[in-house]
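First up is the structure itself, then whatever we jot down about it.
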Amino acid sequence: MQLGRLSRLKLAALPTPLEEAPSLSAYLGGPRIMIKRDDITGLAFGGSKVRKAEYLMGEAVDRGCDVVVTVGETQSNHARVTAAAARRLGLDAVLVLRGDDRSERQGNLLLDVVFGAEIRLVNTDDEFVLTGVVEDVVRELRRGGRNPYIIPRGGASAVGTAAFVNAGLELLDQLNGRGIRADAIVHATVSGGTQAGLYAATKVTQSGIRVIGVSAGASRDVSTGRVLNLTQELVELLGLDWRPHPDDIVVTDAYAGEPAGEPAADCLDAIRLVARTEGILLDPLYTGRAMAGLIDMVRRGQFAPEQTVVFWHTGGQPTLFAYAGWLAEG
Ligand SMILES: *Cc1c(COP(=O)(O)O)cnc(C)c1O
Numbered sequence: 003m004q005l006g007r008l009s010r011l012k013l014a015a016l017p018t019p020l021e022e023a024p025s026l027s028a029y030l031g032g033p034r035i036m037i038k039r040d041d042i043t044g045l046a047f048g049g050s051k052v053r054k055a056e057y058l059m060g061e062a063v064d065r066g067c068d069v070v071v072t073v074g075e076t077q078s079n080h081a082r083v084t085a086a087a088a089r090r091l092g093l094d095a096v097l098v099l100r101g102d103d104r105s106e107r108q109g110n111l112l113l114d115v116v117f118g119a120e121i122r123l124v125n126t127d128d129e130f131v132l133t134g135v136v137e138d139v140v141r142e143l144r145r146g147g148r149n150p151y152i153i154p155r156g157g158a159s160a161v162g163t164a165a166f167v168n169a170g171l172e173l174l175d176q177l178n179g180r181g182i183r184a185d186a187i188v189h190a191t192v193s194g195g196t197q198a199g200l201y202a203a204t205k206v207t208q209s210g211i212r213v214i215g216v217s218a219g220a221s222r223d224v225s226t227g228r229v230l231n232l233t234q235e236l237v238e239l240l241g242l243d244w245r246p247h248p249d250d251i252v253v254t255d256a257y258a259g260e261p262a263g264e265p266a267a268d269c270l271d272a273i274r275l276v277a278r279t280e281g282i283l284l285d286p287l288y289t290g291r292a293m294a295g296l297i298d299m300v301r302r303g304q305f306a307p308e309q310t311v312v313f314w315h316t317g318g319q320p321t322l323f324a325y326a327g328w329l330a331e332g
């Protein structure tokens with residue numbers, strides 16, 4: 003594996019803690035639940051995107067880029083982390099976000115403003131329109147003599163995904179060091195990079211750990227396709243002597259919530275339950291949905307009490323404040 007040959011800048015406080023969640027486990031009467039605390043990766047309210055930023059920014063700096071351009075939803079965690087990482091490294095950031103002038107400056111969007119990122123709000127449902135704006139921005143920057151580095155939605159390039167191979171190996175080290183055998187990892191999946199990296203890491207090491215992605219939006223087929231594509235790109239990038247197989251990629255879309263952006267009751271319940279049992283905050287768009295999935299899987303008996311499940315906490319807490327209206331009633 004050629005992970006060490008990729009450029010990487012230190013932005014995250016690693017390894018993130020691997021903590022027991024005994025009260026949550028007891029409340030559910032289910033398996034041993036551990037939480038991988040990527041919500042506290044350290045930079046600008048943390049989250050898993052800081053891991054990706056280490057590799058993406060490594061490549062940006064290698065290429066002599068002076069500005070990064072990325073794209074996402076109004077409440078994109080990836081956009082917030084990109085803006086913070088760029089500032090830390092002395093670069094500018096342009097964020098192309100789906101939204102309009104009425105989008106409240108709260109949560110991640112507020113933080114993007116605080117970081118002084120240039121924000122282009124685009125009011126469209128069409129992904130091609132957003133991509134078109136990114137291309138325009140890049141052209142403008144180049145015309146002005148700048149050297150932009152373009153990061154796809156969610157940091158989902160092979161280079162960004164490599165960070166999660168490393169993250170998977172980090173978890174295996176922690177488990178081995180404590181003599182714990184985990185049966186599954188459960189996490190929120192969107193662009194697929196987190197799952198592709200964890201899938202590759204757990205397979206290549208023959209760890210026997212199942213990686214279960216809980217989609218926070220897309221259908222199972224779309225999500226599985228994203229994970230498979232990114233894993234294939236990763237295999238090439240890292241020169242892995244292994245081939246991913248679609249049947250190995252486990253994604254559920256049963257907790258994705260509908261319509262997009264509105265947290266469902268089970269997601270809000272999951273946020274309250276983890277806050278009240280463990281004192282840990284989840285978010286209403288990703289980790290709340292993933293935890294709703296884990297809770298339901300436990301209730302359906304999909305994990306035996308003697309099993310160990312690692313919930314990968316990917317972060318996202320700034321979004322809590324943008325969704326205050328959903329949570330304020332208790
Ligand atoms: C981006 C993100 C995810 C999903 O990660 P992908 O690699 O895009 O699948 C999950 N949770 C949070 C909080 C995120 O910001």
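Quick note: the sequence shown uses this note's numbering, first residue 3, plus one each step. Glycine is no exception: its CB is placed at the ideal position from the N, C-alpha and C atoms.
> Rounded to the nearest angstrom, how far is the Cβ of THR163 from that of GLY195, given a contact under 8 Å?
Replying inline: 4 Å
> Does DSSP put THR126 in a helix, in a strand, or in coil?
Replying inline: coil
> Taking just the CA atoms, how far does ALA23 sit from LYS38?
Replying inline: 10 Å
>> ligand 1 and ASP64: does any heavy atom of the ligand fall closer than 7 Å to the residue's C-beta?
In response: no
> Quick one, which of ALA190, GLY219 and GLN208 has its alpha-carbon nearest MET293's?
Replying inline: ALA190
>> Can you give me the C-alpha to C-alpha distance between ILE187 and PHE166, rounded to a whole angstrom?
In response: 13 Å
> Does DSSP classify LEU99 as helix, strand or coil?
Replying inline: strand
>> Between which two residues does the beta strand (DSSP E) holding GLU75 run?
In response: 69 to 75
> When the cut-off is 8 Å and only beta carbons count, does ARG302 lie next to chain D?
Replying inline: In summary, chain D is missing from the structure at hand, where a single protein chain is found.
> Helix, strand or coil: how does DSSP classify ALA190 here?
Replying inline: strand
> Any idea what DSSP makes of HIS247, helix, strand or coil?
Replying inline: coil
>> Using a 10 Å radius around the Cβ and a threshold of 16 neighbouring Cβ atoms, would you call LYS12 buried or exposed?
In response: exposed
>> Let me check you understand the geometry: is the CB of GLY170 closer than 7 Å to at least one non-hydrogen atom of ligand 1?
In response: no
> Is it the case that the Cβ atoms of THR126 and GLY170 are separated by a distance below 8 Å?
Replying inline: no
>> Suppose you measure from the CA of ASP268 to the CA of ARG222; what does that come to, to the nearest Å?
In response: 19 Å
> Looking at SER159 and ligand 1, is the gap between the Cβ and the nearest heavy atom below 7 Å?
Replying inline: no
> Is any heavy atom of ligand 1 found at a distance shorter than 7 Å from the C-beta of THR204?
Replying inline: no
>> Closer than 8 Å is the cut-off here; do at least three beta carbon pairs connect the region 298 to 316 with the region 144 to 161?
In response: no
>> Under DSSP, the beta strand (DSSP E) around GLY1 begins and ends at which residues?
In response: Coverage of the chain is limited to positions 3 through 332, which leaves residue 1 absent and any answer about it impossible.
> Is the region 77 to 84 close to the region 308 to 327, with three or more CB pairs under 8 Å?
Replying inline: yes
>> Looking only at its chain, what residues have a beta carbon closer than 8 Å to the beta carbon of MET36, apart from the 5 residues adjacent to it on each side?
In response: LEU20, GLU21, GLU22, ALA23, ILE182, ALA184, THR310, VAL311, VAL312 and PHE313
>> Please report the straight-line C-alpha distance between VAL229 and ARG212, rounded to a whole angstrom.
In response: 14 Å
> So who's on the other strand from ILE153, going by DSSP bridges?
Replying inline: THR72
> Do you know offhand how far TYR357's Cα is from GLY303's?
Replying inline: Examination of residue 357 is not possible in this model, given that the chain is present from 3 through 332 alone.
> Which residues in the same chain have their Cβ closer than 6 Å to the Cβ of TYR257, if we skip the five residues on either side of it in sequence?
Replying inline: VAL216, ARG291, ALA294 and GLY295
>> Any heavy atom of ligand 1 inside 7 Å of the beta-carbon of ASN110?
In response: no
> Looking at the unbroken alpha helix (DSSP H) that takes in THR279, where does it start and where does it end?
Replying inline: 267 to 280
> How about SER9 and GLU75: are their beta carbons less than 8 Å apart?
Replying inline: no
> What residue does the alpha helix (DSSP H) around ARG82 start on, and which one ends it?
Replying inline: 79 to 90
> Is the beta carbon of GLN197 within less than 7 Å of some heavy atom of ligand 2?
Replying inline: Annotation note on ligand 2: not contained in the displayed structure, which lists ligand 1 as its ligands.
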